[in-house]
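K.L.:
Here it is, the structure in full.
2 protein chains.
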Amino acid sequence: MNEFELIARLTASLPANPAVVVGAGDDCAVLDLGAPGKYFLFKTDAVVEGVHFTAETPPEKIGRKALARALSDLAAMAGTPIAALVTIGLPKNFAVTFVAAIYGGLNALARANGVAIAGGETTTNPGGILISIALLGWATPGQIPLRSGSQVGDAIFVTGTLGGSLAGKHLDFDPRLAEGRWLAAQFAIHAMIDVSDGLAGDLRHLLKGAGVGAALRKPSIPISPAARARARTGTNAKPALLAALTDGEDFELLFTLAAGDAVRLVDGWKKQFPHTKLTCIGKIVAGEGITLSDQSGAQTFNGDGYIHFA
Amino acid sequence: MNEFELIARLTASLPANPAVVVGAGDDCAVLDLGAPGKYFLFKTDAVVEGVHFTAETPPEKIGRKALARALSDLAAMAGTPIAALVTIGLPKNFAVTFVAAIYGGLNALARANGVAIAGGETTTNPGGILISIALLGWATPGQIPLRSGSQVGDAIFVTGTLGGSLAGKHLDFDPRLAEGRWLAAQFAIHAMIDVSDGLAGDLRHLLKGAGVGAALRKPSIPISPAARARARTGTNAKPALLAALTDGEDFELLFTLAAGDAVRLVDGWKKQFPHTKLTCIGKIVAGEGITLSDQSGAQTFNGDGYIHFA
Numbered sequence: 012m013n014e015f016e017l018i019a020r021l022t023a024s025l026p027a028n029p030a031v032v033v034g035a036g037d038d039c040a041v042l043d044l045g046a047p048g049k050y051f052l053f054k055t056d057a058v059v060e061g062v063h064f065t066a067e068t069p070p071e072k073i074g075r076k077a078l079a080r081a082l083s084d085l086a087a088m089a090g091t092p093i094a095a096l097v098t099i100g101l102p103k104n105f106a107v108t109f110v111a112a113i114y115g116g117l118n119a120l121a122r123a124n125g126v127a128i129a130g131g132e133t134t135t136n137p138g139g140i141l142i143s144i145a146l147l148g149w150a151t152p153g154q155i156p157l158r159s160g161s162q163v164g165d166a167i168f169v170t171g172t173l174g175g176s177l178a179g180k181h182l183d184f185d186p187r188l189a190e191g192r193w194l195a196a197q198f199a200i201h202a203m204i205d206v207s208d209g210l211a212g213d214l215r216h217l218l219k220g221a222g223v224g225a226a227l228r229k230p231s232i233p234i235s236p237a238a239r240a241r242a243r244t245g246t247n248a249k250p251a252l253l254a255a256l257t258d259g260e261d262f263e264l265l266f267t268l269a270a271g272d273a274v275r276l277v278d279g280w281k282k283q284f285p286h287t288k289l290t291c292i293g294k295i296v297a298g299e300g301i302t303l304s305d306q307s308g309a310q311t312f313n314g315d316g317y318i319h320f321a
Numbered sequence: 012m013n014e015f016e017l018i019a020r021l022t023a024s025l026p027a028n029p030a031v032v033v034g035a036g037d038d039c040a041v042l043d044l045g046a047p048g049k050y051f052l053f054k055t056d057a058v059v060e061g062v063h064f065t066a067e068t069p070p071e072k073i074g075r076k077a078l079a080r081a082l083s084d085l086a087a088m089a090g091t092p093i094a095a096l097v098t099i100g101l102p103k104n105f106a107v108t109f110v111a112a113i114y115g116g117l118n119a120l121a122r123a124n125g126v127a128i129a130g131g132e133t134t135t136n137p138g139g140i141l142i143s144i145a146l147l148g149w150a151t152p153g154q155i156p157l158r159s160g161s162q163v164g165d166a167i168f169v170t171g172t173l174g175g176s177l178a179g180k181h182l183d184f185d186p187r188l189a190e191g192r193w194l195a196a197q198f199a200i201h202a203m204i205d206v207s208d209g210l211a212g213d214l215r216h217l218l219k220g221a222g223v224g225a226a227l228r229k230p231s232i233p234i235s236p237a238a239r240a241r242a243r244t245g246t247n248a249k250p251a252l253l254a255a256l257t258d259g260e261d262f263e264l265l266f267t268l269a270a271g272d273a274v275r276l277v278d279g280w281k282k283q284f285p286h287t288k289l290t291c292i293g294k295i296v297a298g299e300g301i302t303l304s305d306q307s308g309a310q311t312f313n314g315d316g317y318i319h320f321a
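Written out as C-alpha cells, the structure is:
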C-alpha cells in the first residue's frame, strides 16, 4: 500500500459538517466560516529530516521550505495566506541556535508574503527534526480551482520549468501565490494543482479527478536547466525529459482551461509575469492516462511521480 | 534551556498582521476573519510515540488523545470546534490496520464533538509515530478568556480532580468544551487555561500573565483517586498532593473570576454539570509565585509542572 492508497482508505468516511465546502483530497480544505465574500483555505504540510531535507541543509532553508510548501498548496487554490502555526519536533540534543535559524528562514518568507505566525509548539521527536505547518488563508468563492474540473478539449498549462529541483530549487522556490490568484481572477481555470510529486503524478490527480486523459507533446515539456545538467553527468544519469515528468518538488502550477482561452492567457501572462515561463504542454482528451507524442508518434506514459512509502 | 525558555525566545518577534487578535502564548491563537459576531481559534498540538503514548497504547486511544488535547485547548478559550486536519508521521514499516485504528479513535471523538476532519497528510517519520492536529474553532468576541486577565482578590477554581492521569485518564478524558463555553457565557471569567503541564505549572502561566501570585489552600486541592492509589503503592511513591500539583495531562479547566461571583458560580455549576466536581482552591494575591497553606501555616511552593526537555 503506497501513500495514495493509504490516503484513499483513511479518507473514505471522514466526519463532516456544513462548514466544509471541500474536504480531504484537494490541495487545501475549503471552509465557509460565515464571512461575506470569502471562503477560507486550511492546509497542513510537514517536512521531515532525511526525507525533505538532510542534516547538511542550512536551517534557514529548512524553515523557509516548510512554509513555502504550504504556501504553494494555497497558491494552487488561488488563495491569500493569513496565518500559520508552526510545530517543530526536535531530537533530545538539539541546538537552540539551529532552531532559531529555522524560525529565521521561516519568518522571513512569512513577512514577504504577509503571513502572521500566530503560534505553534515545540515537542520532542526522537528520530529527527520534523516541521509541520498549519496554514489558514482565504479565497474568493467561484474563483477557487479544484483538482476535479478538467474537461475534454482543455489546454494544459504549467508554469516555470520542471525537473532537477533537488539541485537547489526545492529550498529556494517562490510559491506562485500571485500567479495563482491572477489566473483564477482573470480566467475560468477548470482545474489546478501544484506540482509537488512530479508533473506526471500530479497530472494524474487532475485526470482521475475528472475521469479524463491527457495528450502531452513531448517537445513542449519545459525541462529545467538543472534536469538538463544532471542528464549530462553520465550514461546512468536520469534523462532530462523523464526528470521533468517525474522529479518531485517543482512547486509550479499545473492547470487546465478551455482551449479558446489559451491565446488570451498567453498574452496576458507575458505582460503580468514577464520573467516566468508559461507553457502549454498538451490537452485533455477522453479516456484515461497520459500519452506522450512527438513527430515519431505517440506512446503511453506509465511512469509516475515520486511515491512516498513505495 | 527548557521548552518555555525556547518558546519565549522563538516567539519574541513573530510576523504579525491585522487578522491576529491574540498570537502566540495563549491556549489558541485568536483570529478576526471578518465573520460578524465571531472570532476564530487556531491551534496545533502534537503527540509523539515515547512521550505522549507508548508502543503498547491501543491505536484508537492514540488517535482519540491527539484530537482531545487540541479540543481541550479550545475549551480553555470557550471555543466551539469546526474542523481539524490530521498529520500522521509514520516509521517505514507501519501496519495499515494500526493507522486505520488511529483514525477510528480520532474520528469517533470528532463526530461526538461536531468536528469535521477536513484533510491532512501522512508522511514518513523514521523515529516513531507522531500525530499533529491542526484545529480551527470559533468563539464569541468578549467571551474568550485569555491567560492574562487575573486580578488580585479573584477566586481560583479548577474542574474535576487532579493527578495520576497517566494511570488512564490521559487517554480517555472528555475535553471540557461545554463547561468552557458555559463559564464564559455566564460569568466574567478573568483568565482560563487547561491543565496540561500540571496544576502548579499551568497556574504559573496565569500568574506570570497577570503579574500576580496565588494563595492555595492545601486541603482544597482536589486530588484524584488515581493519585491517591499511586501514593499508597510504597514508601517511594509520589505523595498524592504533590501529584495533584505537578502531574501533567489532567486536561481540566483552571480559571479565575471575581470572588463576588463565586457563590453564583458554584450554584449554577451544580445544576449545569452535576456530575463534574468544581473546586475553589484559593485566591489571587499581590506578589508572585504560589503559596500553599493549611492549619499549620503557609509555605512557598516552588515545584513546577512537567517540563519538556528539562
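Same order as they appear, the protein sequences are chains U and S.
Counted from 1, the first sequence has number 27 at position 16 by the working numbering; the numbering is strictly sequential.
Counted from 1, the second sequence has number 317 at position 306 by the working numbering; the numbering is strictly sequential.
All C-beta atoms in this analysis are idealised placements derived from N, C-alpha and C, irrespective of residue type, glycine included.
1) Below 8 Å, how does it come out for the stretch 58–76 of chain S and the stretch 36–46 of chain S: are there three or more Cβ pairs, yes or no?
2) Output, in chain order, the set of chain U residues within a Cβ distance shorter than 7 Å of T4(S).
3) For W149(S), list the residues DSSP reports as bridge partners.
4) Tell me the rounded alpha-carbon separation between R239(S) and A211(S).
5) Which residue marks the beginning of the beta strand (DSSP E) containing V31(U), and which one marks its end?
6) Pick from T246(U), R241(U), G245(U) and E263(U): whose alpha carbon is nearest that of A254(U)?
7) Going by the beta-carbon positions, is the gap between L214(S) and I301(S) smaller than 8 Å?
8) Distance check for N136(U) and G61(S), CA to CA, integer angstroms please.
9) Give, in chain order, every unbroken run of the beta strand (DSSP E) that is at least 3 residues long and sits entirely within the stretch 242–285 of chain U.
10) Tell me whether the beta-carbon of A199(U) lies closer than 8 Å to the beta-carbon of T267(U).
11) Strictly below 9 Å CB to CB, what residues from chain U border T151(S)?
12) For V110(S), report the span of its alpha helix (DSSP H) as first-last.
13) For P26(S), decide whether its Cβ has a neighbour in chain U, counting only Cβ atoms nearer than 8 Å.
14) Hey, how far is the Cα of G48(S) from the Cα of K294(U)?
15) For a cutoff of 8 Å on Cβ pairs, would you count G61(U) as touching chain S?
16) Thinking C-alpha only, which one of P285(U), R275(U) and G179(U) is nearest S235(U)?
17) Assuming G138(S) is part of the alpha helix (DSSP H), what are its boundary residues?
18) Can you name the residues of chain U whose CB is closer than 9 Å to the CB of K219(S)?
19) Within the 8 Å Cβ cut-off, does L42(S) reach chain U?
20) Please list, in chain order, all residues of the same chain as A57(S) whose beta carbon is under 7 Å from its beta carbon, the five residues on each side excluded.
21) Look up E71(U) in the DSSP assignment and say whether it is helix, strand or coil.
22) How about the stretch 302–314 of chain S and the stretch 221–234 of chain S: do they share at least three Cβ pairs that are nearer than 8 Å?
23) Could you list which residues in chain S have their beta carbon closer than 8 Å to that of A94(U), in chain order?
24) Restricting to Cα atoms, I'd like to know which of S231(S), P102(S), S159(S) and E132(S) is closest to A95(S).
25) Exposed or buried, which one is F109(U) when buried takes at least 16 other CB atoms within 10 Å?
26) Distance cutoff 8 Å, beta carbons only. Does R20(U) sit that close to anything in chain S?
27) Below 8 Å CB to CB, which residues in the same chain sit around G298(S) once its five sequence neighbours on both sides are set aside?
28) Can you check whether the CB of L44(S) is closer than 8 Å to the CB of N124(S)?
29) Taking any Cβ of chain S, which residues in the stretch 111–140 of chain U have a Cβ under 8 Å from it, in chain order?
30) Please classify E190(S) as buried or exposed, where buried requires at least 16 other C-beta atoms within 10 Å of its C-beta.
31) Pick out whichever of F53(U), A121(U), N118(U) and F64(U) has its Cα sitting closest to the Cα of G90(U).
32) Rounded to whole angstroms, how far is the Cβ of V163(U) from the Cβ of I128(U), which I believe are closer than 8 Å?
33) Within 8 Å (strictly less), CB to CB, does N313(U) reach chain S?
34) Over the uninterrupted beta strand (DSSP E) stretch that includes G212(S), give me the two end residues.
P.N.:
According to the structure shown:
1) The answer is no - the stretch 36–46 of chain S does not touch the stretch 58–76 of chain S, with fewer than three Cβ pairs under 8 Å.
2) Summary: the structure shown does not reach residue 4(S), with chain S confined to residues 12 through 321, and so no result is reported for it.
3) F51(S) and T91(S)
4) 18 Å
5) If you look at V31(U), you'll find it in the beta strand (DSSP E) that goes V31 to V33.
6) R241(U)
7) yes
8) 9 Å
9) 264–268
10) no
11) Chain U residues near T151(S): none, gap ~13 Å exceeds 9 Å.
12) V107 to A123
13) yes
14) 47 Å
15) Interface residue, yes.
16) Comparing alpha carbon positions, the residue from P285(U), R275(U) and G179(U) closest to S235(U) is G179(U).
17) In the DSSP assignment, G138(S) falls outside any alpha helix (DSSP H), carrying neither H nor E.
18) Within chain U, no residue comes near K219(S); the closest Cβ sits about 17 Å away, beyond 9 Å.
19) yes
20) L141, I142 and S143
21) helix
22) yes
23) N28, A30, V31, A40, L42 and F53, listed in chain order.
24) Distance from the Cα of A95(S) is smallest, within the candidate group S231(S), P102(S), S159(S) and E132(S), for E132(S).
25) exposed
26) yes
27) Here G298(S) has V223 and G224 as same chain residues with Cβ atoms under 8 Å from its own Cβ, once five neighbours each way along the sequence are excluded.
28) no
29) Contact residues of the stretch 111–140 of chain U toward chain S are A111, Y114, N118, A121, R122, G125, V126, A127, I128, A129, G130, G131, E132, T133, T134, T135, N136, P137, G138 and G139 (C-beta to C-beta distance below 8 Å).
30) buried
31) Residue F53(U) is the option with its Cα nearest to G90(U).
32) The pair is not a contact, with the Cβ atoms about 44 Å apart (cut-off 8 Å).
33) It does not; no Cβ of chain S falls within 8 Å.
34) It is not in any beta strand (DSSP E) - G212(S) instead sits in the alpha helix (DSSP H) that spans L210 to A221.
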